[in-house]
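Asks:
2 protein chains.
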Amino acid sequence: MRADARRNRDRIVDVARALFRSKGFDAVSMDEVAKASEVGTGTLYRHFPTKETLYDAVLEAWADKVNAAVDAALDLNAPARDQLLAWLTEYAAMLTAHKGAAARITASLGDPGSPFAAKCETYLSANRRMIDGLGPALRADVEPMQVCRIVGGVAAVADSSELPAETMKGMLEIVADGLLAS
Amino acid sequence: MRADARRNRDRIVDVARALFRSKGFDAVSMDEVAKASEVGTGTLYRHFPTKETLYDAVLEAWADKVNAAVDAALDLNAPARDQLLAWLTEYAAMLTAHKGAAARITASLGDPGSPFAAKCETYLSANRRMIDGLGPALRADVEPMQVCRIVGGVAAVADSSELPAETMKGMLEIVADGLLAS
DNA sequence: AACTATACGGAGACACTCTCCGCTTTGCAA
DNA sequence: TTGCAAAGCGGAGAGTGTCTCCGTATAGTT
C-alpha cells in the first residue's frame with residue numbers, strides 16, 4: 000500500500016471512530032466521515048467498500064479487550080456468580096461502548112458472511128472460555144452462542160434506550176441467575 | 000372523515016399489514032405501500048405522517064392478543080415455571096410475528112413520545128399481571144419493565160437472525176429460570 | 001346545481017449509500 | 001535526476017429511500 004493511502008486509511012479510521020462514538024453508527028453519514036477526514040467519498044469507499052467494513056475497522060482493537068476481560072473475571076477470587084456477573088457486565092459494557100454496535104454485532108452472530116464475523120468468533124470463544132472456566136457452577140447445557148445472544152440482546156436494548164448502568168445490572172443479574180446451575 | 004378517506008385508510012392498513020408481514024418493516028418502502036394500495040404517496044402520508052405510525056396502525060389488534068395470552072398462561076394448571084415459560088414463549092412469538100417489530104417496539108419501551116407508546120403500556124401491564132399472578136414463585140424484585148426488555152431483546156435477536164423456535168426456547172428457559180425465585 | 005371543505009396524487013426536495021471515471025501523485029527504474 | 005506506469009484521489013451523479021407541497025378532483029351540504 001502506498002504511503003499516502005496508508006496515511007489516509009489510518010486518518011479515516013481515527014476520525015470515524017470519534018464520530019461513531021459520539022453520535023452513533025446510524026447518525027453518521029459516509030459523506031460526513033469523508034469530509035471530516037478530508038478525503039473524497041471515492042477514496043473512502045476505496046478503503047472501505049461498505050459502511051459496515053469501516054465500522055469493523057473502527058472496532059479492531061476490541062478482540063484484545065474481550066480476552067483480557069475473561070481473564071480478569073476468571074482470576075477474580077470470588078463465587079462463581081460474581082465471576083459470571085463481572086464478565087457479563089464487562090461484556091455488555093464493551094458492546095454498548097459504541098452506540099448502535101450491540102444490535103449490529105449481535106444480529107450477525109450466525110452469519111459467516113458478515114463483516115463482523117471475526118468479532119463474533121472472538122466473542123464466542125471468550126464465552127466458551129468463561130463457560131469452561133466456571134464449569135459445573137453453570138447449568139449443564141449452556142452454549143456460548145446462547146450467552147452471546149441473550150447478553151447481546153439485552154445490551155442492544157440498553158443501548159437504544161440509553162439505560163443507566165444500574166438498570167443494566169438488574170437485568171444481567173437475572174440472566175446470570177438463569178445461567179447458573181439451580 | 001369522508002367516506003373515500005375511510006375506505007382508503009382501511010385499504011392501506013390491510014395492504015401494509017400483508018407487505019410488512021411477508022417482507023419485514025425495513026424491506027417495504029412507503030412508495031411500495033402507496034402503489035399496492037392504489038393511492039398516491041401524498042394520500043398515504045396524509046393518513047400516516049410517518050412510516051412508524053403506519054406500522055402502529057398495522058399492529059393495532061395486538062393488544063387483545065397479549066391479554067388473552069396472559070390469561071391462558073395463568074389458567075394453565077401447571078407449575079409456575081411452566082406458566083411463566085408459556086407466557087414468555089407466546090410473548091416472544093408475538094413480537095417476532097412481524098419481521099423487525101421486536102427491535103422497534105422494545106427500543107421504544109421507555110419513550111412516551113414513540114408511536115408505539117400505547118403498545119408498550121399494554122405489554123408492561125400484561126407483564127405486571129403475570130408477575131402478580133405468579134406471586135412468590137418469582138424473585139421478589141422483578142419489574143415488568145425488566146421482563147419486557149430482556150424478552151424483547153432476545154426476541155429482537157431471534158428475529159434478526161431468523162432463529163428457529165427451538166433455539167428460542169433454550170434462551171427463554173434461561174431467562175425464565177433467572178426470573179424465578181432461587 | 002352550486003359551492004366549499006376535504007381528500008387525492010404525483011412531482012420533487014432532501015438525505016443517504018455507493019459507483020464511475022478522469023485527474024493526480026507516488027515510488028521505482030533507467 | 002527524470003520519466004512513467006501503477007496506484008490512489010475526489011467529486012459528480014445514479015439509485016433508493018422518506019416525506020412535503022400544492023394544484024386538481026370529489027364528497028357532502030344547501
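These protein sequence lines map, in sequence, to chains D and S. Sequential numbering of the first sequence, starting at 0, is according to numbering that gives the first Met the number 0. Sequential numbering of the second sequence, starting at 0, is according to numbering that gives the first Met the number 0. Glycine is no exception: its CB is placed at the ideal position from the N, C-alpha and C atoms. Model, not experiment: these values are computed from the prediction.
Can you find a CB in chain S that lies within less than 7 Å of the CB of D:D25?
Replies: It does not: the Cβ of D:D25 has no partner Cβ on chain S nearer than 7 Å.
Asks: So, do the stretch 154–161 of chain D and the stretch 130–145 of chain D have three or more beta carbon pairs nearer to each other than 8 Å?
Replies: Output reads no: the stretch 130–145 of chain D does not touch the stretch 154–161 of chain D.
Asks: Can you tell me which residues form a DSSP beta bridge with S:L137?
Replies: Looking at the DSSP assignment, S:L137 forms a beta bridge with S:L179.
Asks: Using a Cβ-Cβ cut-off of less than 7 Å, give me the residues of the stretch 148–159 of chain D that come near chain S, in sequence order.
Replies: Answer in chain order: R148, I149, G151, G152, V153, A155, V156, S159.
Asks: Identify, in the order they occur along the chain, each residue of the same chain with its Cβ nearer than 8 Å to the Cβ of D:T121, setting aside the five sequence neighbours on each side.
Replies: Answer for D:T121: W61, A62, V65, N66, listed in chain order.
Asks: If contact means a Cβ-Cβ distance below 8 Å, which residues of the stretch 88–105 of chain S contact chain D?
Replies: Per Cβ criterion, the list reads A102, T105.
Asks: Mind pulling the chain S residues with CB within less than 7 Å of D:S181?
Replies: Correct list: D176, S181.
Asks: Check whether the stretch 35–44 of chain S and the stretch 73–88 of chain S touch, using three or more Cβ-Cβ pairs below 8 Å as the test.
Replies: Cβ pair count under 8 Å is below three, so no.
Asks: Kindly indicate the opening and closing residues of the alpha helix (DSSP H) around S:K98.
Replies: Looking at the DSSP string, S:K98 is not in any alpha helix (DSSP H), and its letter there is neither H nor E.
Asks: Under 8 Å Cβ-Cβ, which residues of chain D neighbour S:G169?
Replies: Neighbours of S:G169 on chain D, chain order: D140, E142, Q145.
Asks: Here's the rule I'm using: 16 or more other beta-carbon atoms within 10 Å means buried, otherwise exposed. How should S:T40 be labelled?
Replies: Per the 10 Å Cβ criterion, exposed.
Asks: With a threshold of 8 Å on Cβ separation, who are the neighbours of D:L171 within its own chain once the five nearest residues in sequence on each side are excluded?
Replies: Excluding sequence neighbours, D:L171 sits near L84, L87, T88, A91, V150, V153.
Asks: Beta-carbon of D:G112 versus every beta-carbon of chain S: anything under 7 Å?
Replies: Not one chain S Cβ lies under 7 Å of D:G112.
Asks: As an exercise, report each continuous alpha helix (DSSP H) stretch of at least 4 residues that is fully enclosed by the stretch 23–50 of chain D, in chain order.
Replies: The qualifying runs are 29–36, 40–46.
Asks: So, for S:G132: in the same chain, excluding its five sequence neighbours on each side, which residues have a beta-carbon less than 6 Å away from its beta-carbon?
Replies: Closer than 6 Å at Cβ, skipping near neighbours: L73.
Asks: Let me know the secondary structure DSSP gives S:R1 once reduced to three states.
Replies: Here S:R1 sits in coil by DSSP.
Asks: S:I173 versus chain D: which residues are under 8 Å apart at the beta carbon?
Replies: Neighbours of S:I173 on chain D, chain order: R138, V141, Q145, I149, V174, G177, L178.
Asks: Report yes or no: is there a C-beta of chain D within less than 7 Å of the C-beta of S:G109?
Replies: Answer yes: the Cβ-Cβ gap between S:G109 and chain D drops below 7 Å somewhere.
Asks: With DSSP collapsed to three states, give me the class of S:A77.
Replies: S:A77: coil per DSSP, three-state reduction.
Asks: Quick one: using the 10 Å Cβ neighbour count with 16 as the cut-off for buried, is S:S181 buried or exposed?
Replies: Its Cβ having fewer than 16 others within 10 Å, S:S181 is exposed.
Asks: Among the candidates S:T52, S:A106, S:R1, S:A71, whose CA atom is the shortest distance from the CA of S:A125?
Replies: Checking every option, the nearest Cα to that of S:A125 belongs to S:A71.
Asks: Around the C-beta of S:N76, are 16 or more other C-beta atoms found within 10 angstroms, so that it is buried, or is it exposed?
Replies: That one is exposed.
Asks: Do D:A79 and D:V12 come within 7 Å of each other at the CB atom, strictly closer than that value?
Replies: Contact flag unset, no.
Asks: D:T95 and D:A101: beta carbons closer than 7 Å?
Replies: Cβ distance < 7 Å, so D:T95 and D:A101 count as in contact.
Asks: Which residues in the same chain have their Cβ closer than 7 Å to the Cβ of D:R10, if we skip the five residues on either side of it in sequence?
Replies: Around D:R10: S36.
Asks: Would you check if the distance between the CB atom of D:V27 and the CB atom of S:G177 is smaller than 7 Å?
Replies: Cβ atoms of D:V27 and S:G177: not closer than 7 Å.
Asks: Using only the alpha-carbon positions, how far apart do D:D3 and D:V38 sit?
Replies: Computed Cα separation, rounded: 11 Å.
Asks: With 16 other CB atoms within 10 Å as the buried threshold, where does S:A106 fall?
Replies: So S:A106 ends up on the buried side.
Asks: Is it the case that the Cβ atoms of S:R20 and S:H97 are separated by a distance below 7 Å?
Replies: Yes, the Cβ-Cβ distance between S:R20 and S:H97 is below 7 Å.
Asks: Please work out which residues of its chain come closer than 6 Å, Cβ to Cβ, to D:P185, disregarding the five sequence neighbours upstream and downstream, and give them in chain order.
Replies: Nothing can be reported for residue 185 of chain D, as the shown portion of chain D is limited to 0 through 181.
Asks: If I measure Cβ to Cβ from D:L179 and keep anything under 8 Å in the same chain, skipping five residues before and after, which residues do I get?
Replies: A79, R80, L83, A136, L137, R138, listed in sequence order.
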